[in-house]
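A.B. asks: First to last, the protein sequences are chains A and B.
The first sequence begins at 5 in the numbering used here and counts up by one.
The second sequence begins at 2 in the numbering used here and counts up by one.
Cβ atoms here follow ideal geometry from the backbone N, Cα and C, with glycine treated the same way.
In this text the structure is predicted, and so the values were computed from the model without any measurement.
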Amino acid sequence: MEQSWRQSKGIFAAMFSAPLVWLVLFFFVPLGIVWLYSFGENRGLIDIAFTGTWSNYAKALEPLYLGIFAKSIWVAALTTFLCVVIGFPVALAITFAPDKWKPWMLLLVMLPFWTNLLIRTYALIAVLRTEGYINQSYRFLWENASGFMTLIGLAPLGDFTPLNLLYNNFAVVVGLVYVHLPFMILPLYSTLDRLDRSLLEASLDLGAGHIRTLFSVVVPLAGAGIASGILITFIPALGAYLTPDLLGGTDSQMIANVIESQFKRANNWPFGAALAFLLVYLTFIGIALQGLLDRSARKRGAA
Amino acid sequence: MSEISVKPRKIPPGPLEYLRRWPMQVWLIGVTLFLYVPLISLMVFSFNDSRRNVVWQGFTFKYYERALNNESLIQAFTNSMVIALFATIISVIVGAMAAIVLWRFRFPGKTAFHAGMAIPIVVPEICMGVGMLVFFAKVLPWPQGLMWPFNLGAIIIAHVSFCFPFVAVVVRARLAGFNRELEEAAKDLGASEWRTLIDVLLPHIKPSLIAGALLAFTLSLDDFVITFFTAGPDTVTFPVKIYSMVRFSVTPEVNAASTILIVVTVLLTFLALKVQGSSALTAGHGGGEAKK
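If you want it as structure tokens, here you go:
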């Protein structure tokens, strides 16, 4: 049984004060100030006055910034969708793998996750750039095909034009999927692993095919896990800074990049603060939605 | 994953033996290649004797030599290690305290505290980054020109703020399996509160403290965004340094330095596995765990 804090006040105070103070002072105070700034105005070069204005939020709703928000949400949604599609079969395979292989397969998924984000993004640059590995292989194939065409008497293919794989939106989505795939596979795996296998076997025995079983049995049962996977992929993807910054082109800015430029280059802190808090609100809306889904799923399970 | 499934057997695959079906095998091989080809080629090409870094020209260690002689790179690496070390120590202490308090006591505001601990895990990094930027610019200006390693203080504080909730989640999970009767027995036998805590509870949660420490260390070493907003010109960390190098060009030195960091990470992961078994693998998965 849990103890009431009154029963041992000394130990409670000693153990509780440090985490509480740290959390409040070094997390909620910084965020709170940003929140206050989002209602402030620039006065002079460095001073910011809290005027309670909504103008920063109004500015965030201008078409330019609204467009960036819409684009960030779209890119994050596409990333999440691709992660589900790519990750689901992997999670399924790990779930039904023999026990001795499971930890190794999980390790295989987790190792990139533990590797530094910057290094992973940098590794992708080397693959995608104009003289990267993909374009190298493509060029090799192209030149050989071209040679083959001349050999059999046809006109050669013409000059090789490398694929534009880097510094565009395509690269940003590839980068985000690359980075967030492990985020998706793990929650999917942990739900699928708790699934009652006899239900799947029953469905297969009764004549449903694998695809049918997947969509009529597995997906409805794993709903909560899929929802939590979607959430923990979508939120970091929405707030991604590094991937669009390093892999994207001039038109691939996402919210985080705009926030960064408001704080570092444009020096418009109140506006940057408003944008940052819009991102926080979006995050909380996402979490609340997932909580609602979770609750209704549990209710259905109980009924 | 390919060698897993090639053992030919005459028995047809069972209904749920997805691993033995070829479309699944092709898919798994594809995903594995997607995840590993970029990283492995980065590591391989760090030994390539060519400035342009595209075609294999022969084996060399010269970029490692160059990276190891690059003073600012070494300084950044040392900074990162020192920050990670201090951030880990503080995170483990504060995180374990939070976990024990949440596990052991009923107190007013417990739900709020519990929810508050989850927020640093879910809030987008960029928001926390700007929060730290504003905080250290306006509220608590970190003194400039302090002696090393004290000039790293601001970054260490910022790192602890996002690391200790993860440690608390890991320790809390371990505490769930603790038999409270052991604690009562210790008290019945005359041990004081502190004595019980140190001699009974701490040995039980020790594996989770180690797992939490490794997690915090990796998180701290990995962080770019929050550090980017907190770091000053003389407190560059390894990821921030790599970032500025990458912005200029793709060079073999960056490959060499990255390879060193990847090796460090892999070693840490295996260490975590040895300490905690395979459950350590998923411990880092904060968002999912925290909500449970």
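Inspect the beta-carbon positions of Thr266 (chain B) and Asn120 (chain A) and report whether they are closer than 8 angstroms.
C.D. replies: Contact: yes.
A.B. asks: Could you run through the segment 132 to 152 of chain B and flag, in chain order, every residue whose CB is less than 8 angstroms away from some CB of chain A?
C.D. replies: Gly132, Met133, Leu134, Val135, Phe136, Lys139 and Val140
A.B. asks: In chain order, what residues of the segment 73 to 104 of chain B put their CB closer than 7 angstroms to some CB of chain E?
C.D. replies: Of the chains in the structure shown, none is chain E; the protein chains are A and B.
A.B. asks: Taking the straight line between their C-alpha atoms, what separation do you get for Tyr182 (chain A) and Phe35 (chain B)?
C.D. replies: 8 angstroms
A.B. asks: Kindly indicate which three-state DSSP category Phe187 (chain A) falls into: helix, strand or coil?
C.D. replies: helix
A.B. asks: Can you check whether the CB of Val102 (chain B) is closer than 8 angstroms to the CB of Phe16 (chain A)?
C.D. replies: yes
A.B. asks: Can you tell me whether Arg105 (chain B) is buried or exposed? The criterion is at least 16 other CB atoms within 10 Å of its CB, across all chains shown.
C.D. replies: buried
A.B. asks: With contact counted as at least three CB pairs below 8 angstroms, one residue from each stretch, are the segment 152 to 164 of chain B and the segment 45 to 57 of chain A in contact?
C.D. replies: no
A.B. asks: Could you tell me whether the Cβ of Thr119 (chain A) comes closer than 8 angstroms to any Cβ of chain B?
C.D. replies: Interface residue (Cβ-Cβ distance to chain B less than 8 angstroms): Thr119 (chain A) is classified as such.
A.B. asks: Tell me, please, which residues DSSP counts as bridged to Arg107 (chain B).
C.D. replies: A:Ser8
A.B. asks: What is the DSSP secondary structure of Asp255 (chain A), counted as helix, strand or coil?
C.D. replies: coil
A.B. asks: Report the start-end ranges of each alpha helix (DSSP H) in the segment 30 to 80 of chain B that is 4 residues or longer and not cut off at the edges.
C.D. replies: As far as the segment 30 to 80 of chain B is concerned, its whole alpha helix (DSSP H) runs of at least 4 residues are 63 to 70.
A.B. asks: For a contact meaning CB atoms closer than 8 angstroms, what does Gly59 (chain B) contact in chain A?
C.D. replies: Result: empty, since nearest Cβ-Cβ is about 18 angstroms, beyond 8 angstroms.
A.B. asks: If you follow the beta strand (DSSP E) that Asn46 (chain A) is part of, which residue opens it and which one closes it?
C.D. replies: Gly44 to Arg47
A.B. asks: Does the segment 222 to 229 of chain B come close enough to the segment 109 to 118 of chain B that 3 or more CB-CB pairs lie under 8 angstroms?
C.D. replies: no
A.B. asks: Taking buried to mean at least 16 other C-beta atoms within 10 Å of its own C-beta, is Leu134 (chain B) buried or exposed?
C.D. replies: buried
A.B. asks: Glu290 (chain B) by DSSP, collapsed to three states: which one?
C.D. replies: Here the model assigns Glu290 (chain B) a pLDDT of 36, short of 50, so the residue's position is not dependable and the matter cannot be decided.
A.B. asks: Spatial neighbours of Ile239 (chain A) within its chain, please: C-beta separation below 7 angstroms, excluding the five flanking residues on both sides.
C.D. replies: Thr287 and Gly290
A.B. asks: Give me, in chain order, the residues of the same chain whose beta-carbon lies closer than 6 angstroms to that of Val129 (chain B); leave out the 5 immediate sequence neighbours on both sides.
C.D. replies: The amino acid at residue 129 (chain B) is misidentified as Val; the sequence shows Met. Excluding sequence neighbours, Met129 (chain B) sits near Ile227.
A.B. asks: Is there at least one Cβ from chain A nearer than 8 angstroms to Ile263 (chain B)'s Cβ?
C.D. replies: yes
A.B. asks: Does any CB atom of chain B fall closer than 8 angstroms to the CB of Phe54 (chain A)?
C.D. replies: no
A.B. asks: At the 8 angstroms Cβ level, is Ile230 (chain A) part of the contact set with chain B, yes or no?
C.D. replies: Output row for Ile230 (chain A): interface = no.
A.B. asks: From which residue to which residue does the alpha helix (DSSP H) around Cys187 (chain B) run?
C.D. replies: According to the sequence displayed, residue 187 (chain B) carries Ala and not Cys. Run containing Ala187 (chain B): Arg181 to Asp189, per the alpha helix (DSSP H) assignment.
A.B. asks: Which term fits Tyr285 (chain A), buried or exposed, when burial requires 16 or more other beta carbons within 10 angstroms of its beta carbon?
C.D. replies: exposed
A.B. asks: So that I know if they touch, is there some Cβ in chain A lying closer than 8 angstroms to that of Leu40 (chain B)?
C.D. replies: Yes - at least one Cβ of chain A is within 8 angstroms of the one on Leu40 (chain B).
A.B. asks: What is the DSSP secondary structure of Leu17 (chain B), counted as helix, strand or coil?
C.D. replies: coil
A.B. asks: With contact counted as at least three CB pairs below 8 angstroms, one residue from each stretch, are the segment 29 to 45 of chain A and the segment 263 to 280 of chain A in contact?
C.D. replies: yes
A.B. asks: Does DSSP put Ala101 (chain A) in a helix, in a strand, or in coil?
C.D. replies: Here Ala101 (chain A) sits in coil by DSSP.
A.B. asks: Judging by CA-CA distance, which residue of A:Gln294, A:Val262, A:Leu297 and A:Ala301 is the nearest neighbour of Tyr63 (chain A)?
C.D. replies: This sequence places Lys at residue 63 (chain A); Tyr is not what is there. Lys63 (chain A) has its Cα closest to that of A:Val262, out of A:Gln294, A:Val262, A:Leu297 and A:Ala301.
A.B. asks: Chain B partners of Gly276 (chain A), CB-CB under 7 angstroms?
C.D. replies: Taking a Cβ-Cβ cut-off of 7 angstroms, the neighbours of Gly276 (chain A) in chain B comprise Val131, given in sequence order.
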